[in-house]
Amino acid sequence: MVSGGPYGIEDILGGAGYLKALAILLILPLVWSFPTALMIGELASALPDEGGFYVWVRRALGPFWGYQEAWLSLTASIFDMAIYPTIFVLYLSRLFPAWTAGSRGTMWELALIALCVLWNLRGAPAVGDGSIALFVTLLAPFVILVAAAAWHGWHLHGNAVWTSPPGGKAGTGEGLSTAILVALWNYMGWDNASTVAKEVDNPQRNYPRAMLMSAGVVALTYVLPLAAMAFAGMAIAQFTTGSWADAATTLAGPWLGVAIVLGGTITGLGMFNALMMSYARLPVALAEDGMLPSFMTARNRFGVPWIALLVCGTAWALALQFSFERLISIDLILYGASLILEFVALVVLRIREPNLERPFRAGNLAMAIALGVMPTALIVYAAFASRDERMGHMPALLFGLLVAAAGPVCYWISRSVWSGRPTPKELPVASSGD
Numbered sequence: 001m002v003s004g005g006p007y008g009i010e011d012i013l014g015g016a017g018y019l020k021a022l023a024i025l026l027i028l029p030l031v032w033s034f035p036t037a038l039m040i041g042e043l044a045s046a047l048p049d050e051g052g053f054y055v056w057v058r059r060a061l062g063p064f065w066g067y068q069e070a071w072l073s074l075t076a077s078i079f080d081m082a083i084y085p086t087i088f089v090l091y092l093s094r095l096f097p098a099w100t101a102g103s104r105g106t107m108w109e110l111a112l113i114a115l116c117v118l119w120n121l122r123g124a125p126a127v128g129d130g131s132i133a134l135f136v137t138l139l140a141p142f143v144i145l146v147a148a149a150a151w152h153g154w155h156l157h158g159n160a161v162w163t164s165p166p167g168g169k170a171g172t173g174e175g176l177s178t179a180i181l182v183a184l185w186n187y188m189g190w191d192n193a194s195t196v197a198k199e200v201d202n203p204q205r206n207y208p209r210a211m212l213m214s215a216g217v218v219a220l221t222y223v224l225p226l227a228a229m230a231f232a233g234m235a236i237a238q239f240t241t242g243s244w245a246d247a248a249t250t251l252a253g254p255w256l257g258v259a260i261v262l263g264g265t266i267t268g269l270g271m272f273n274a275l276m277m278s279y280a281r282l283p284v285a286l287a288e289d290g291m292l293p294s295f296m297t298a299r300n301r302f303g304v305p306w307i308a309l310l311v312c313g314t315a316w317a318l319a320l321q322f323s324f325e326r327l328i329s330i331d332l333i334l335y336g337a338s339l340i341l342e343f344v345a346l347v348v349l350r351i352r353e354p355n356l357e358r359p360f361r362a363g364n365l366a367m368a369i370a371l372g373v374m375p376t377a378l379i380v381y382a383a384f385a386s387r388d389e390r391m392g393h394m395p396a397l398l399f400g401l402l403v404a405a406a407g408p409v410c411y412w413i414s415r416s417v418w419s420g421r422p423t424p425k426e427l428p429v430a431s432s433g434d
């Protein structure tokens, strides 16, 4: 639920140039991905409940902050989930421009959302098996692309590009800032799988392993194709979303360009499908805690919360009109705030519940505190770097702050309207969190 392969990293290369892009993609896993994976590995193994990160924050900090965690995550998902249909249409337009012209592009995006809703109604096993198959399919053309780039570079000595200056905005302040933001987005989302913990076999053992292994694999899927392009000496001045197809056509012919385009559409489908499974479980957890109407807990014969799925799908469709860069900016601001709460929950649970069974432990207390330092600093940087992006007539940062500020208001409304009914389950909460 983190990576859809190399698709989406084109703007990192176009913005930073080869050397800086490679440095960003190699350093960020160490200061962003691995600390987050360690935090999630511990909390998911200790508290493998449906609702995932919402449950962790609620238990550590109380129902108010638990609600804010869910609010931030769900509002972030509105912008995050709009990115993948956008990628789907961008790549589809490379093959069939007329199909995606004007309102036709939006119709394709809505069709993708509808398809993923139907797929998710079959349950987590169907989504999980399908995601693995899609990931292998979309990576196959890149294996060929890397091989073609290596052959091209070997015979033409294209590795001289490593020291050549990039063109356009690449490597400049504006381009570098964009590259870092896009890289942060490509490396985020490690906590999403936690919301379906009850549908995973032996989560105490499998989550920590999956988190740490995936962090390394994801980094490789980004770094290897980019390094291959550098070795082949590909020009990068106009490298933007969709440019992998141009590179493939140049290095191996139109057939590989078509394969890359098809892989790009698969990325949009596969990532949206997997994340839909995760995000749709949050309203269910809130409803079970009396913070949303009880009908949100309704499930079909596969155990899927179908009403929550439909509500989320509708909300995601409403954000389709925003640009790729604008969506990433808002997504990072809101998701970043929710991630900070998770790091706080890790430390608070270590202090308040030292005897909580933790099949996986991310070091001692000092280590638990240190894990959140660099991710928090990067989130603050992302908020600052997004200051020039706009949502309508206001700065994106202000828009994100207003969305976050609406969380406490919605919490008060939820408690006033729905919290009087009995809940199917009770979670232990910190006495001082409300």
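Counted the way UniProt numbering counts, the sequence shown spans residues 1 to 434.
Glycine included, every Cβ here is placed at the ideal spot set by N, Cα and C.
Determine, using beta carbons only, whether residue i and residue j come nearer to each other than 9 Å.
i           : j           : result
residue 92  : residue 108 : yes
residue 333 : residue 186 : no
residue 293 : residue 418 : yes
residue 69  : residue 362 : no
residue 274 : residue 192 : yes
residue 133 : residue 338 : no
residue 39  : residue 368 : yes
residue 78  : residue 383 : no
residue 211 : residue 44  : yes
residue 465 : residue 407 : One cannot answer for residue 465 here, as it falls past the ends of the chain, which runs 1 to 434.
residue 72  : residue 152 : no
residue 112 : residue 85  : yes
residue 313 : residue 131 : no
residue 379 : residue 83  : no
residue 458 : residue 36  : No information on residue 458 is available, as it lies outside the stretch 1 to 434 that the chain covers here.
residue 51  : residue 353 : no
residue 146 : residue 29  : no
residue 12  : residue 179 : yes
residue 64  : residue 411 : yes
residue 302 : residue 126 : yes
residue 320 : residue 106 : yes
Within a Cβ cutoff of 7 Å, which residues of the same chain sit near residue i, ignoring the five residues on either side of it in sequence?
i           : result
residue 399 : 330, 391
residue 161 : Residue confidence is low: residue 161 scores 47 on pLDDT, short of 50, so the model does not pin down where it sits. No coordinate-derived value is stated.
residue 56  : 43, 47, 342, 345
residue 404 : 72, 334, 337
residue 150 : 228, 231
residue 154 : none
residue 409 : none
Hey, could you find the ends of the alpha helix (DSSP H) residue i is sitting in?
i           : result
residue 33  : Residue 33 -> no alpha helix (DSSP H), and no H or E assigned at all.
residue 129 : 124-156
residue 88  : 63-95
residue 273 : 254-279
residue 378 : 373-385
residue 105 : 103-120
residue 190 : Segment: none, residue 190 is in no alpha helix (DSSP H) and carries neither H nor E.
residue 309 : 306-317
In chain order, what residues of the same chain lie with their CB nearer than 8 Å to the CB of residue i, ignoring the 5 residues before and after it?
i           : result
residue 300 : 121, 306
residue 5   : 135, 138, 139, 142, 221, 263, 267
residue 435 : With the chain running from 1 to 434 in the structure shown, residue 435 is simply not present.
residue 311 : 283, 296
residue 256 : 141, 144, 145, 148, 248, 249
residue 358 : 42, 45, 46
Below 8 Å on the Cβ atoms is my contact criterion, and I expect residue i with residue j to pass it. Report the Cβ-Cβ distance as a whole number of Å.
i           : j           : result
residue 94  : residue 261 : 5 Å
residue 236 : residue 372 : Contact doesn't hold; Cβ gap of about 34 Å is too wide.
residue 25  : residue 228 : Not a contact, Cβ separation roughly 13 Å.
residue 386 : residue 397 : 6 Å
residue 110 : residue 317 : 6 Å
residue 22  : residue 223 : 6 Å
residue 265 : residue 88  : 5 Å
In the DSSP output, which residue or residues are listed as bridge partners for residue i?
i           : result
residue 395 : 390
For residue i, which residues in the same chain have their Cβ closer than 6 Å to its Cβ, ignoring the five residues on either side in sequence?
i           : result
residue 34  : 215
residue 286 : 70, 292
residue 90  : 241, 242
residue 253 : none
residue 31  : 374
residue 177 : 385
residue 388 : none
residue 298 : 307
residue 219 : 29
residue 116 : 272, 273, 276
residue 159 : Only weak support is given to the placement of residue 159: the predicted model assigns it a pLDDT of 47, under 50, and the value that follows is read from those uncertain coordinates. Excluding positions up to five away in sequence, the list reads 153, 231.
At a cut-off of 8 Å, would you count residue i as near the ligand SAH, judging by its Cβ distance to the nearest heavy atom?
i           : result
residue 399 : With respect to small molecules bound, the structure shown includes none, and the ligand SAH cannot be examined in it.
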